[in-house]
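*Asks:* Below: one structure in structure tokens.
There are 2 protein chains.
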Amino acid sequence: MDAPNPIVSALDRAGYRLTAPRLAVADLIATHDGHFTASDLADAARDRQLGISRATLFRALDLLIELGVVERLDLPSGEHAYVPCAPAHHHHVVCSRCGRTAEVGDAGLSGAVGEIERQSGFRIDAHRLELFGLCRHCLARTGVPS
Amino acid sequence: MDAPNPIVSALDRAGYRLTAPRLAVADLIATHDGHFTASDLADAARDRQLGISRATLFRALDLLIELGVVERLDLPSGEHAYVPCAPAHHHHVVCSRCGRTAEVGDAGLSGAVGEIERQSGFRIDAHRLELFGLCRHCLARTGVPS
DNA sequence: GGCTCAGATGAGACTCAGTCTCGACAAGTC
DNA sequence: GACTTGTCGAGACTGAGTCTCATCTGAGCC
Numbered sequence: 015m016d017a018p019n020p021i022v023s024a025l026d027r028a029g030y031r032l033t034a035p036r037l038a039v040a041d042l043i044a045t046h047d048g049h050f051t052a053s054d055l056a057d058a059a060r061d062r063q064l065g066i067s068r069a070t071l072f073r074a075l076d077l078l079i080e081l082g083v084v085e086r087l088d089l090p091s092g093e094h095a096y097v098p099c100a101p102a103h104h105h106h107v108v109c110s111r112c113g114r115t116a117e118v119g120d121a122g123l124s125g126a127v128g129e130i131e132r133q134s135g136f137r138i139d140a141h142r143l144e145l146f147g148l149c150r151h152c153l154a155r156t157g158v159p160s
Numbered sequence: 015m016d017a018p019n020p021i022v023s024a025l026d027r028a029g030y031r032l033t034a035p036r037l038a039v040a041d042l043i044a045t046h047d048g049h050f051t052a053s054d055l056a057d058a059a060r061d062r063q064l065g066i067s068r069a070t071l072f073r074a075l076d077l078l079i080e081l082g083v084v085e086r087l088d089l090p091s092g093e094h095a096y097v098p099c100a101p102a103h104h105h106h107v108v109c110s111r112c113g114r115t116a117e118v119g120d121a122g123l124s125g126a127v128g129e130i131e132r133q134s135g136f137r138i139d140a141h142r143l144e145l146f147g148l149c150r151h152c153l154a155r156t157g158v159p160s
């Protein structure tokens with residue numbers, strides 16, 4: 015009955031113990047459609063009476079970020095949000111209305127990064143691109159032409 | 015003796031009062047070479063015995079962000095930092111070693127954003143690109159070839 | 001120069017995300 | 001079963017940022 019939760023498999027593959035709190039956190043994250051904040055997760059855990067403490071929640075999140083299956087986003091409001099994702103390098107597009115996220119690949123960004131290296135004289139080691147807008151569903155609902 | 019501080023002119027242009035605490039904050043920011051955190055600024059204000067309260071500092075920062083002369087960065091460590099900048103749309107390259115920042119223009123990014131719109135089906139309204147690496151000076155100091 | 005008042009200020013309490021510590025517990029190994 | 005080690009919950013703590021409120025002040029007006 016357990017669907018092959020990618021978070022659980024990542025934990026397993028990395029040799030971490032599959033404890034009840036971790037499985038519960040993985041399940042909570044898997045049920046989220048878009049991004050979520052730490053307190054969303056804490057609320058959900060409380061609603062389901064999972065008995066997971068905040069410290070455990072943050073520990074699990076840290077672990078999942080380290081494994082690359084969850085990523086931390088900084089929303090325009092300054093809030094920190096988390097989003098489940100594939101471990102490969104990619105970027106997130108976040109719907110400002112419903113919170114849905116989509117992962118996108120390079121899309122020509124590495125060319126732009128190369129150009130920025132030339133412009134700035136820096137050697138770029140890492141970058142983070144976050145995009146905000148309206149998803150297909152919200153666009154359709156508002157009737158705004160894309 | 016007052017150099018034409020761009021932050022001060024922006025405040026003036028926007029019709030905000032040029033009060034002593036605001037001028038002091040503008041001056042503190044202008045003396046910073048790269049990015050700084052709110053607590054850096056608070057420390058600097060305390061060192062210079064400017065008598066600026068934390069609330070005032072945050073209010074001034076908010077104002078300057080609203081005017082577009084200061085921008086908030088999210089460092090890879092999760093810290094919030096601030097960086098003085100021009101009001102036009104641009105991106106920041108941050109030196110991971112010394113904290114120096116450089117502003118870069120579009121550099122072909124808008125093409126990548128268009129491609130991401132096509133890939134994801136989202137309508138992108140805003141994006142934020144932050145780049146981290148080593149600046150010219152730190153590269154020279156470490157002898158790493160760019 | 002004096003008056004007025006909206007806007008700005010300082011002080012300090014408050015909130016909230018995230019961290020840390022510590023004793024208890026549980027899983028894995030022998 | 002004993003031992004080791006990783007993980008747990010509870011709760012105190014930290015620090016960035018916000019909020020409130022009484023007070024002050026800059027700037028326009030007379």
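Listed in order, the protein sequences are those of chains L and X. FYI, in our numbering the residues of the first sequence are 15 to 160. FYI, in our numbering the residues of the second sequence are 15 to 160. Even glycine gets a Cβ: it sits at the ideal position worked out from N, Cα and C.
1. Just tell me which of X:Ala74, X:Asp57 and X:Gly48 has its CA closest to the CA of Arg31 of chain X.
2. From Ala126 of chain X to Ser53 of chain X, what distance separates their C-alpha atoms?
3. Within 8 Å of any Cβ in chain L, is that where the Cβ of Cys8 of chain X sits?
4. Indicate whether at least one CB of chain X lies closer than 8 Å to the CB of Cys112 of chain L.
5. Contact check, Val80 of chain X vs Cys99 of chain X under 8 Å by CB: the rounded distance?
6. Could you compute how far the alpha carbon of Asp76 of chain L sits from the alpha carbon of Gly92 of chain X?
7. Which residues in the same chain have their Cβ closer than 6 Å to the Cβ of Ala40 of chain L, if we skip the five residues on either side of it in sequence?
8. Beta-carbon within less than 6 Å of Gly48 of chain X's beta-carbon, same chain only, minus the 5 sequence neighbours each way: which residues are those?
9. Can you list the residues of chain X that Ala59 of chain L reaches, using a CB-CB cut of under 8 Å?
10. From Leu153 of chain L to Leu71 of chain X, what distance separates their C-alpha atoms?
11. What first and last residue would you give for the beta strand (DSSP E) that runs through Cys109 of chain X?
12. Please classify Arg62 of chain L: is it buried, with 16 or more other beta-carbons within 10 angstroms of its beta-carbon, or exposed?
13. Taking 8 Å as the CB-CB limit, is Gly82 of chain X close to chain L?
14. Helix, strand or coil: which one does DSSP assign to Thr45 of chain L?
15. What residues are listed by DSSP as bridge partners for His187 of chain L?
16. Below 8 Å between beta carbons: does that hold for Ala38 of chain L and Ala56 of chain L?
17. By how many angstroms is the C-alpha of Gly147 of chain X removed from the C-alpha of Ile138 of chain X?
18. What is the C-beta distance between His103 of chain L and Leu143 of chain L, in whole angstroms, given that I count them as a contact (C-beta under 8 Å)?
19. Which of the residues in the segment 130–153 of chain L, read from start to end, lie with their CB under 7 Å from any CB of chain X?
20. Leaving out five residues before and five after Leu123 of chain X in sequence, what residues of the same chain have Cβ atoms less than 7 Å from its Cβ?
21. Quick check on the burial criterion: 16 or more other C-beta atoms within 10 angstroms. Buried or exposed for Ala140 of chain X?
22. Can you confirm whether Arg31 of chain L, when its beta carbon is compared against all beta carbons of chain X, has any partner nearer than 8 Å?
23. Alpha carbon to alpha carbon, how far is Ala34 of chain L from Val83 of chain L? Give it in angstroms, no decimals.
24. Does the CB of Gly65 of chain X have a neighbour CB from chain L at under 8 Å?
25. Answer with yes or no whether the minimum CB distance from Ala74 of chain L to chain X is below 8 Å.
26. Under 8 Å, Cβ to Cβ, is there at least one residue of chain X near Asp88 of chain L?
27. Does the distance from the CB of Val107 of chain L to the CB of Val118 of chain L come in under 8 Å?
28. Taking the alpha-carbon positions, what's the Ala24 of chain X to Ala121 of chain L distance?
*Replies:* Result, derived from the coordinates:
1. Closest option to Arg31 of chain X, Cα to Cα, is X:Ala74.
2. Straight-line spacing of the CA atoms in Ala126 of chain X and Ser53 of chain X works out to 36 Å.
3. One cannot answer for residue 8 of chain X here, as it falls past the ends of chain X, which runs 15 to 160.
4. Chain X, which has no Cβ nearer than 8 Å to the Cβ of Cys112 of chain L, makes this no.
5. Per the sequence shown, the amino acid found at residue 80 of chain X is Glu instead of Val. Their Cβ separation, rounded to whole angstroms, is 13 Å, which puts Glu80 of chain X and Cys99 of chain X out of contact at 8 Å.
6. Whole-angstrom Cα-Cα distance: 12 Å.
7. Around Ala40 of chain L, the same chain offers Asn19, Ile21 and Val22 as residues with beta carbons nearer than 6 Å, after the five sequence neighbours per side are excluded.
8. Excluding five sequence positions before and after Gly48 of chain X, the CB atoms of its chain that fall closer than 6 Å to its own CB belong to Gly113, Arg114 and Thr115, given in chain order.
9. Near Ala59 of chain L there are no residues of chain X at all, since even the closest Cβ is about 22 Å away, more than 8 Å.
10. Rounded to the nearest whole angstrom, the C-alpha separation of Leu153 of chain L and Leu71 of chain X is 39 Å.
11. In the DSSP assignment, Cys109 of chain X falls within the beta strand (DSSP E) that extends over His105 to Cys109.
12. Exposed, by the Cβ-count rule.
13. For Gly82 of chain X, no CB of chain L lies under 8 Å from its own CB, so it is not counted at the interface with that chain.
14. In this structure, Thr45 of chain L counts as helix in the three-state DSSP scheme.
15. As displayed, chain L neither begins before 15 nor continues past 160, which places residue 187 of chain L out of reach and without an answer.
16. Contact: no.
17. Each residue's Cα considered, the two are about 26 Å apart.
18. No, His103 of chain L and Leu143 of chain L are not in contact; Cβ-Cβ is about 11 Å, not under 8 Å.
19. Under the 7 Å Cβ criterion, the segment 130–153 of chain L contributes Ile130, Gln133, Ser134, Gly135, Phe136, Arg137, Ile138, Asp139, Ala140, His141, Arg142, Leu143, Glu144, Leu145, Phe146, Gly147, Leu148, Cys149, Arg150 and Leu153.
20. Contacts found: Leu143.
21. By the neighbour-count rule (16 or more Cβ atoms within 10 Å), Ala140 of chain X is not buried but exposed.
22. The C-beta of Arg31 of chain L comes no closer than 8 Å to any C-beta of chain X.
23. Going by the C-alpha atoms only, they are around 18 Å apart.
24. Gly65 of chain X has a beta carbon lying at 8 Å or more from every beta carbon in chain L.
25. For Ala74 of chain L, not one C-beta of chain X is nearer than 8 Å to its own C-beta.
26. Output row for Asp88 of chain L: interface = yes.
27. In this structure, the beta-carbon distance from Val107 of chain L to Val118 of chain L falls below 8 Å.
28. Going by the C-alpha atoms only, they are around 36 Å apart.
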